[in-house]
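For the sequence shown, my numbering begins at 6 and goes up steadily by one.
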Amino acid sequence: MQDLEPLRAKYLGEIAEATDEAGLEAIRVAALGKKGEVSLRMRELGKMTPEERREAGPALNALKDELGAAISAQAAALADAALAERLKAEWFDVTLAPRPVRQGTIHPVSQVMEECAAIFAEMGFTIAEGPQIETDWFNFDALNIPPEHPARQEHDTFFMAREEGDDRPPHVLRTHTSPVQIRAMQEHGAPIRVIAPGRVYRMDMDQTHTPMFHQVEGLAIDRDISMANLKWVLEEFCKAFFEVESVELRFRASHFPFTEPSAEVDIRCSWEGGQLKLGEGDDWMEILGSGMVHPKVLAAAGVDPEEWQGFAFGMGIDRIAMLKYGIPDLRAFFDSDLRWLKHYGFAALDVPTVHGGLSR
Ligand code: PHE
């Protein structure tokens with residue numbers, strides 16, 4: 006029998022050089038197909054003597070197996086290479102795009118208003134609003150501050166300019182958020198539980214006073230609301246807001262025309278080394294005025310004082326923002342200094358919730 010080696014070398018070489026499936030199939034047909042070279046040699050076995058056959062048979066079979074295996078291996082290698090090629094072409098980046106650079110920030114006052122809304126919402130308070138330009142009736146008269154009342158001077162009111170002969174009721178920049186009490190009760194009656202955050206204006210300017218500042222008014226009217234409820238609500242608020250186990254509050258007897266009895270509330274703090282710190286030191290910062298809503302105020306808002314009673318408070322938002330975030334000078338709040346805003350501002354997407362942590 007002829008030597009099989011040249012045949013073996015030829016086909017193994019061709020197989021190794023095949024670059025695609027079709028080429029490989031052509032080689033298979035040429036070698037192992039019905040009329041392939043190896044198959045033809047197999048057919049010659051019949052013409053051989055038994056001795057020749059005993060030697061040539063296994064050799065041919067071995068060659069057939071070897072070429073078959075080489076074709077399969079090359080087919081697999083070509084498939085792998087094709088897949089790798091395809092993956093390279095179809096590649097795409099599944100990682101997150103880089104975060105956009107943070108541009109603006111949320112002002113501490115806005116942040117604190119959101120925090121207040123979140124905390125009081127959990128206690129059943131909804132949000133009420135009123136105009137910043139108020140009639141003096143809403144800002145004063147309805148709140149039991151008649152025209153000659155000294156409180157009108159104390160408020161250092163900004164009056165809106167008037168044309169000569171203009172006899173519409175005088176308008177003022179509201180000096181507190183208390184007129185929203187009247188508007189909310191006129192609109193919704195009793196029972197009611199609202200807070201009213203917003204801007205207020207007084208002619209005043211030093212380290213802790215600016216002509217425009219922010220308050221949040223609170224109002225809770227029902228049949229049997231008392232000072233005890235007020236105290237609980239304020240303490241719960243302060244603990245939640247300042248994110249501490251306990252706060253030290255001081256209730257001082259005071260006077261407001263629109264509440265009776267009235268109390269001012271201070272919180273313990275320290276100004277040591279120009280740093281404002283909460284819950285330590287020997288200083289007290291007044292953060293709010295409060296009391297039981299005066300019967301005349303209820304009546305002015307159309308709520309029957311024989312049937313309803315409740316508390317109100319007005320808290321300085323800028324003050325509690327300074328305390329919570331250790332900001333020593335109130336005036337910087339309104340300077341629009343980008344470095345300050347960057348330092349004290351909040352990320353736009355961190356919406357405060359009580360359960361998620363207010364000021365993460
Ligand atoms: N309006 C008062 C102020 O501006 C605060 C206050 C509100 C007091 C409600 C009592 C009740 O100082």
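Glycine included, every Cβ here is placed at the ideal spot set by N, Cα and C.
Note that this is a predicted model, so its numbers are computed, not measured.
Sorry if obvious, but does the Cβ on residue 181 come closer than 7 Å to a heavy atom of ligand 1? Position 176 of the sequence shown holds residue 181. Annotation for residue 181 indicates a beta carbon within 7 Å of some heavy atom of ligand 1.
Check for me: the alpha helix (DSSP H) holding residue 32 runs from which residue to which? Your numbering for residue 32 matches position 27 in the sequence shown. Per DSSP, residue 32 belongs to the alpha helix (DSSP H) from 26-37.
Got a sec, what are the start and stop residues for the alpha helix (DSSP H) residue 116 sits in? Your numbering for residue 116 matches position 111 in the sequence shown. Where residue 116 is concerned, the enclosing alpha helix (DSSP H) stretches over 113-127.
What residue from 264, 273, 197 and 265 has the CA that sits closest to residue 254's CA? For the purposes of this step, residue 254 is identified with residue 249 of the sequence shown, where counting begins at 1. The shortest C-alpha separation from residue 254 is found at 273.
How about residue 116: is its Cβ closer than 7 Å to a heavy atom in ligand 1? Position 111 of the sequence shown, counted from the start, is the residue given in the question as residue 116. No, since every heavy atom of ligand 1 falls outside the 7 Å radius drawn around the Cβ of residue 116.
Between residue 358 and the rest of its own chain, which residues show a CB-CB distance below 8 Å, the 5 nearest in sequence each way excluded? For the purposes of this step, residue 358 is taken as residue 353 along the sequence shown, with counting starting at 1. Around residue 358, the same chain offers 123 as residues with beta carbons nearer than 8 Å, after the five sequence neighbours per side are excluded.
Any heavy atom of ligand 1 inside 7 Å of the beta-carbon of residue 317? Sequence index remark: in the sequence shown, residue 317 carries index 312 (1-based). Correct: residue 317 has its Cβ closer than 7 Å to ligand 1.
I'd like the span of the alpha helix (DSSP H) that includes residue 300, first residue to last. Within the sequence shown, the letter at position 295 stands for residue 300. Unbroken alpha helix (DSSP H) run through residue 300: 300-305.
Beta-carbon separation (whole angstroms), residue 184 vs residue 139, contact threshold 8 Å: Mapped onto the sequence shown, residue 184 falls at position 179. Mapped onto the sequence shown, residue 139 falls at position 134. Contact between residue 184 and residue 139 holds: their C-beta atoms lie close to 5 Å from each other, under 8 Å.
What do you get for residue 92, buried or exposed, if any count of 16 or more other CB atoms within 10 angstroms of its CB means buried? In the sequence shown, residue 92 corresponds to position 87, counting from 1. Exposed is the label assigned to residue 92, since fewer than 16 other Cβ atoms lie within 10 Å of its Cβ.
Restricting to runs no shorter than 4 residues, where is the alpha helix (DSSP H) found entirely within the region 171-225? As far as the region 171-225 is concerned, its whole alpha helix (DSSP H) runs of at least 4 residues are 184-193.
Using the Cα positions of residue 231 and residue 345, report the straight-line distance between them to the nearest angstrom. On the sequence shown, position 226 is the one that residue 231 refers to. On the sequence shown, position 340 is the one that residue 345 refers to. Each residue's Cα considered, the two are about 42 Å apart.
Does DSSP classify residue 282 as helix, strand or coil? Residue 282 sits at position 277 when you count from the first residue of the sequence shown. Strand, per DSSP.
Identify the continuous beta strand (DSSP E) that holds residue 312 and give its terminal residues. Position 307 of the sequence shown, counted from the first residue, corresponds to residue 312. It is not in any beta strand (DSSP E) - residue 312 carries neither H nor E in the DSSP assignment.
Tell me whether residue 295 is buried or exposed, calling it buried when 16 or more other Cβ atoms sit within 10 Å of its Cβ. Locating residue 295 in the sequence shown gives position 290, where the first residue counts as 1. Buried, by the Cβ-count rule.
Please check the pair residue 188 and residue 313, which I expect to be a contact at CB under 8 Å, by giving their CB distance rounded to whole angstroms. Translated into the one-based positions of the sequence shown, residue 188 becomes position 183. Translated into the one-based positions of the sequence shown, residue 313 becomes position 308. With a contact defined as Cβ atoms closer than 8 Å, residue 188 and residue 313 miss out at about 17 Å.
Going by beta carbon distance, what residues of the same chain come within less than 8 Å of residue 244, once the five residues before and after it are set aside? Working through the sequence shown from its first residue, we reach residue 244 at position 239. Excluding its 5 nearest sequence neighbours in each direction, residue 244 has C-beta neighbours in its own chain below 8 Å: 250, 251 and 252, listed in chain order.
Shorter than 7 Å, the distance from the beta carbon of residue 158 to the closest heavy atom of ligand 1, or not? The sequence position of residue 158 within the sequence shown is 153, counting from 1. The beta carbon of residue 158 sits no closer than 7 Å to any heavy atom of ligand 1.
May I ask you to check if the CB of residue 212 is nearer than 7 Å to at least one heavy atom of ligand 1? Start at 1 with the first residue of the sequence shown, and residue 212 comes out as number 207. False, no ligand heavy atom lies under 7 Å from that Cβ.
4-residue-minimum alpha helix (DSSP H) runs that sit fully inside the region 334-365, ordered along the chain: You should have 343-349.
Which listed residue (247, 79 and 216) has its alpha carbon closest to that of residue 338: The residue labelled residue 338 in the question sits at position 333 within the sequence shown. The shortest C-alpha separation from residue 338 is found at 216.
Is the distance from the Cβ of residue 163 to the Cβ of residue 208 below 8 Å? Position 158 of the sequence shown, counted from the first residue, corresponds to residue 163. Position 203 of the sequence shown, counted from the first residue, corresponds to residue 208. Contact: yes.
I'd like the list of long-range same chain contacts for residue 334, defined as Cβ closer than 7 Å, with 5 residues on each side in sequence excluded. Taking the sequence shown and counting its residues from 1, the one referred to as residue 334 is at position 329. Scanning its chain for C-beta atoms nearer than 7 Å, with the 5 sequence neighbours on each side dropped, one finds around residue 334 the residues 212, in chain order.
In the structure shown, what three-state DSSP assignment does residue 105 receive? The count along the sequence shown starts at 1 and reaches residue 105 at position 100. Coil.
Is any non-hydrogen atom of ligand 1 found closer than 7 Å to the C-beta of residue 294, if you look at the structure I gave you? One-based indexing of the sequence shown puts residue 294 at position 289. Checking the 7 Å criterion, the Cβ of residue 294 is within range of a heavy atom belonging to ligand 1.
Rounded C-beta distance between residue 367 and residue 120? I'm assuming under 8 Å. With the chain represented from 6 up to 365, any question about residue 367 goes unanswered, as that position is not in the structure.
Between the region 61-73 and the region 33-47, do at least 3 Cβ pairs fall closer than 8 Å? The way I'd put it, the region 61-73 does touch the region 33-47; three or more beta-carbon pairs between them come closer than 8 Å.
Residues near residue 292 in its chain [Cβ-Cβ closer than 8 Å; skip 5 each side]: One-based indexing of the sequence shown puts residue 292 at position 287. Excluding positions up to five away in sequence, the list reads 270, 271, 272, 320, 321, 324, 325 and 328.
Proximity to residue 2 [Cα-Cα], best of 195, 8, 142 and 186: One cannot answer for residue 2 here, as it falls past the ends of the chain, which runs 6 to 365.
Check whether residue 298 and residue 263 have beta carbons under 8 Å apart: Within the sequence shown, the letter at position 293 stands for residue 298. Within the sequence shown, the letter at position 258 stands for residue 263. Cβ atoms of residue 298 and residue 263: closer than 8 Å.
Name the residue from 309, 330, 237 and 226 whose alpha carbon lies nearest to the alpha carbon of residue 282. In the sequence shown, counting from the first residue as 1, residue 282 sits at position 277. When each option's Cα is compared against that of residue 282, the closest is 330.
Starting from residue 238, trace the beta strand (DSSP E) both ways and give me its first and last residue. Numbered from its first residue, the sequence shown carries residue 238 at position 233. From DSSP, residue 238 is part of no beta strand (DSSP E) but of the alpha helix (DSSP H) over 232-247.
Quick one: is residue 257 buried, meaning 16 or more other Cβ sit within 10 Å of its Cβ, or exposed? Position 252 of the sequence shown, counting from 1, holds the residue named residue 257. Looking at its Cβ environment, which holds fewer than 16 other Cβ atoms inside 10 Å, residue 257 is exposed.
When you compare only the Cα positions, how much space is there between residue 167 and residue 288? Translated into positions along the sequence shown, residue 167 becomes position 162. Translated into positions along the sequence shown, residue 288 becomes position 283. Rounded to whole angstroms, residue 167 to residue 288 spans 43 Å at the Cα level.
Would you mind giving the Cβ-Cβ distance between residue 317 and residue 109, rounded to the nearest angstrom? I have them listed as a contact below 8 Å. For the purposes of this step, residue 317 is taken as the residue at position 312 of the sequence shown. For the purposes of this step, residue 109 is taken as the residue at position 104 of the sequence shown. Cβ atoms of residue 317 and residue 109 stay farther apart than 8 Å, at about 35 Å.
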